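Asker: Taking numbering that gives the first Met the number 0, the leading residue of the sequence shown gets 0, the next gets one more, and so forth. All C-beta atoms, glycine included, are put in the ideal place defined by N, C-alpha and C. Note that this is a predicted model, so its numbers are computed, not measured.
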Amino acid sequence: MRSIFFYLLLLIPTVAFAVPTIQPAMLPLGTGTDATAAGTARMVGAMLEYTRWPTPRPVVRFCLAGTARHAGRLADISLSNGAQLQFSSVTGSASARSEGCDALYIGRLDPAPMQGLIADTRGQPVLTIAEDDPDCRSGAIFCLLYAPQTLSFQLNIDAVSRSAVRIDPRVLRLSKGGY
């Protein structure tokens with residue numbers, strides 16, 4: 000009986016299932032002195048487009064914290080819904096919540112202050128974007144990933160679930176590690 004079972008198993012064709020590899024969306028940066036800043040502005044603009052706040056924002060209060068190396072062209076962002084960006088800086092002991100930020104872009108910042116800023120936004124309608132966190136461990140919603148001549152991002156699902164903003168689920172498919 001065992002031998003019959005064994006032979007039947009040999010007769011069953013084996014099917015190898017190929018799992019498709021999903022590549023993250025990679026934005027080519029082009030050339031020029033401000034190509035990285037221009038690419039960053041395009042990527043951040045797209046992130047803002049796919050973010051929904053609990054109530055519509057005619058003005059998105061966009062705060063910058065830390066030393067942002069690639070934020071030089073963020074003022075070029077134009078949103079399709081006509082919302083304007085209003086820029087301000089978060090410095091020292093100020094919090095994103097007390098500054099009234101709708102979006103928080105974090106440049107180079109020591110881990111403890113960065114995590115403190117991000118922790119302050121949990122449960123609040125604040126989109127957080129980390130420029131200098133390639134492992135995406137800070138707790139920011141989006142982490143920008145710079146590579147030679149390209150820019151991509153990682154979406155932190157845990158951070159999205161802890162936030163009062165909603166990110167279009169299709170963005171997950173474009174992010175590093177997306178499914």
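Return the chain-ordered ranges of every beta strand (DSSP E) run that is complete within the stretch 90-137 and spans a minimum of 3 residues.
Answerer: 102-105 and 126-129
Asker: Give me the residue from Ser160, Ala158, Arg165 and Pro147 with the minimum Cα distance to threonine 35.
Answerer: As a first step, residue 35 is located in the sequence shown; it is residue number 36 there, counting from the start. Sorting Ser160, Ala158, Arg165 and Pro147 by C-alpha distance to the C-alpha of threonine 35 places Pro147 at the top.
Asker: For the stretch 104-123 against the stretch 132-142, are there 3 or more C-beta pairs whose distance is under 8 Å?
Answerer: yes
Asker: Kindly indicate the opening and closing residues of the beta strand (DSSP E) around valine 58.
Answerer: As a working mapping, residue 58 is identified with position 59 in the sequence shown. It spans 58-64 - the beta strand (DSSP E) in which valine 58 sits, taken as one unbroken run.
Asker: Per DSSP, which residues does alanine 146 bridge with? Please list them.
Answerer: Counting from one through the sequence shown, the residue named residue 146 turns up at place 147. DSSP, once it has assigned bridges, lists Thr149 as partnering alanine 146.
Asker: Alpha carbon to alpha carbon, how far is alanine 70 from proline 124?
Answerer: Here residue 70 refers to the residue found at position 71 when the sequence shown is read from its first residue. Here residue 124 refers to the residue found at position 125 when the sequence shown is read from its first residue. The C-alpha of alanine 70 lies about 22 Å from the C-alpha of proline 124.
Asker: Does proline 19 pass the burial test, meaning 16 or more other C-beta atoms within 10 Å, or should it be called exposed?
Answerer: Here residue 19 refers to the residue found at position 20 of the sequence shown. Its pLDDT being 38, under 50, proline 19 is placed unreliably by the model, and the measurement read from it follows with that caveat. Exposed: under 16 other Cβ atoms inside 10 Å.
Asker: Alpha carbon to alpha carbon, what distance is there between tryptophan 52 and tyrosine 178?
Answerer: Numbered from its first residue, the sequence shown carries residue 178 at position 179. Numbered from its first residue, the sequence shown carries residue 52 at position 53. With a pLDDT of only 41 at tyrosine 178, under the threshold of 50, the placement of this residue in the model should not be trusted, and no figure is reported.
Asker: Is it buried or exposed for glycine 38, if we count other Cβ within 10 angstroms and need 16 for buried?
Answerer: What you label residue 38 is simply residue 39 of the sequence shown in a count that begins at 1. Buried is the call here.
Asker: Ordered along the chain, which non-local residues of its own chain (more than five positions away) have a Cβ less than 6 Å from that of valine 58?
Answerer: Here the question's residue 58 lines up with position 59 in the sequence shown. Gln83 and Gln85.
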